[in-house]
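Worksheet: one structure, shown below.
Numbering (this note's numbering), first residue to last: 135 to 484.
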């Protein structure tokens, strides 16, 4: 019994006195997931998550500062670092040379583009567009058709209001259908026959629906065109000057689709090109773009159309022996309320 107690105490003392394992962690500044901090060295969403995991598993962290995702991936491939963090997206190409932890954040690959409020010329251009003019032409033909039909029904029984020549009669019918549709209803002309009144009833209900639709269409057109963007969809990327951050999934996407681009070191540099008019589109992660633009002056918009899903995870070298423990602890932390508090603190209500 004495020997067993002695061995147990020896193991206990060894676990206490043994130095904690130090992991080399490649880190890249990607606000708000990883940011240099004068007091603590590094801060951000990914940093706080890693620090909680490291404390729980008894690891010491040796930060290795890197300037790009490509450098992180290369270092993991060669084994010069153990883990990489920041806002590292999971892709098939990266998985071929390294490993990923379980994902801890999901976002989209998005497009940022210059935007400016249209003046009255832009609104006038929209109102004179072929699509809008076609709508007006169809409406006018419908007014003539309904007015002509009412004239045919009323011309014999109601010649005082719908009589005269063919042109006069159709003109009277057109006037009646117009004022009825616009709900003005001057009352200077009204059908007298049963069929005419039945036609008027149907036209009144139909007019309510058409006016509501036309009003909504005009309002939407004017609202949308108050804010005019150079790029409106992914399909426009082939015709504009596109920018991507070197080593990012945005660069991978543009290369895969044969779209020419200008590479920059940081997203902030890409946004500066948009503001100065030297580029029309920056392809980058939506969460990171929104963080960079949240306190910026108006001028850059993020399109609602997303390109593809992005999942952030820790990168690991292929021979990383603690992968299972890392994933178990990561999943435990990202499922509790403190993780939501961290996200809300950096990104707002999440």
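Virtual Cβ for every residue (Gly too), placed ideally from N, Cα, C.
Presumed contact (8 Å Cβ cut-off) between residue i and residue j, rounded CB distance
i           : j           : result
residue 375 : residue 396 : 7 Å
residue 386 : residue 225 : 7 Å
residue 243 : residue 429 : Wrong, their Cβ atoms sit about 23 Å apart, outside the cutoff.
residue 379 : residue 437 : Between residue 437 and residue 379 the Cβ distance is about 17 Å, and since that is not below 8 Å, they are no contact.
residue 178 : residue 169 : 5 Å
residue 196 : residue 222 : Not a contact, Cβ separation roughly 18 Å.
residue 325 : residue 284 : 6 Å
residue 461 : residue 202 : Between residue 202 and residue 461 the Cβ distance is about 26 Å, and since that is not below 8 Å, they are no contact.
residue 154 : residue 206 : That belief does not hold up - the Cβ atoms of residue 154 and residue 206 are roughly 24 Å apart, past 8 Å.
residue 402 : residue 427 : So it is not a contact: roughly 10 Å between Cβ atoms.
residue 233 : residue 457 : 6 Å
residue 398 : residue 404 : 5 Å
residue 377 : residue 431 : Incorrect: roughly 19 Å between the Cβ atoms, too far for contact.
The beta strand (DSSP E) enclosing residue i, as first and last residue numbers
i           : result
residue 397 : 395–398
residue 194 : 193–200
residue 415 : 415–419
residue 219 : 217–219
residue 378 : 376–379
residue 170 : 169–171
residue 177 : 175–177
Selected residue, minimal CA-CA separation from residue i, among the options
i           : options               : result
residue 292 : 307, 279, 280 and 187 : 307
residue 416 : 368, 445, 157 and 432 : 368
residue 349 : 331, 209, 400 and 315 : 315
residue 435 : 444, 441 and 423      : 423
residue 421 : 313, 165 and 431      : 165
residue 389 : 206, 372 and 461      : 372
residue 447 : 456, 199, 218 and 155 : 218
residue 382 : 154, 162 and 158      : 162
residue 317 : 328, 335 and 329      : 335
residue 305 : 282, 384, 287 and 399 : 282
residue 238 : 478, 467 and 479      : 467
residue 480 : 182, 265, 311 and 191 : 182
residue 313 : 175, 351 and 274      : 274
residue 220 : 456, 392 and 198      : 198
residue 337 : 172, 310 and 233      : 310
residue 439 : 464, 401 and 370      : 370
residue 445 : 228, 264 and 171      : 228
residue 192 : 442, 322, 298 and 463 : 463
residue 442 : 465, 433, 432 and 384 : 384
residue 200 : 400, 406 and 414      : 400
residue 477 : 208, 180, 330 and 303 : 180
residue 289 : 330, 175 and 340      : 330
Residue i - containing alpha helix (DSSP H), residue span
i           : result
residue 306 : 300–315
residue 390 : 383–390
residue 281 : 264–288
residue 404 : 401–409
residue 327 : Per DSSP, residue 327 belongs to no alpha helix (DSSP H) and is neither H nor E.
residue 212 : 203–212
residue 294 : 293–296
Residue(s) in a DSSP beta bridge with residue i
i           : result
residue 467 : Answer is none; residue 467 lacks a bridge partner.
residue 158 : 196
residue 457 : BP columns for residue 457 are empty, so no partner.
residue 442 : 243
residue 234 : 449
residue 248 : 434
residue 164 : 168
residue 223 : 446
Check: Is it true that the segment 235–248 meets the segment 268–275, where meeting means three or more beta-carbon pairs spaced less than 8 Å apart?
Finding: no
Across the segment 434–453 and the segment 205–223, are there enough close Cβ pairs to call them in contact, namely three or more that are closer than 8 Å?
yes
contact_flag[the segment 337–347, the segment 178–189] where n(CB pairs < 8 Å) is 3 or more: no
| Contact between the segment 465–481 and the segment 276–286 (3+ Cβ pairs under 8 Å) | no
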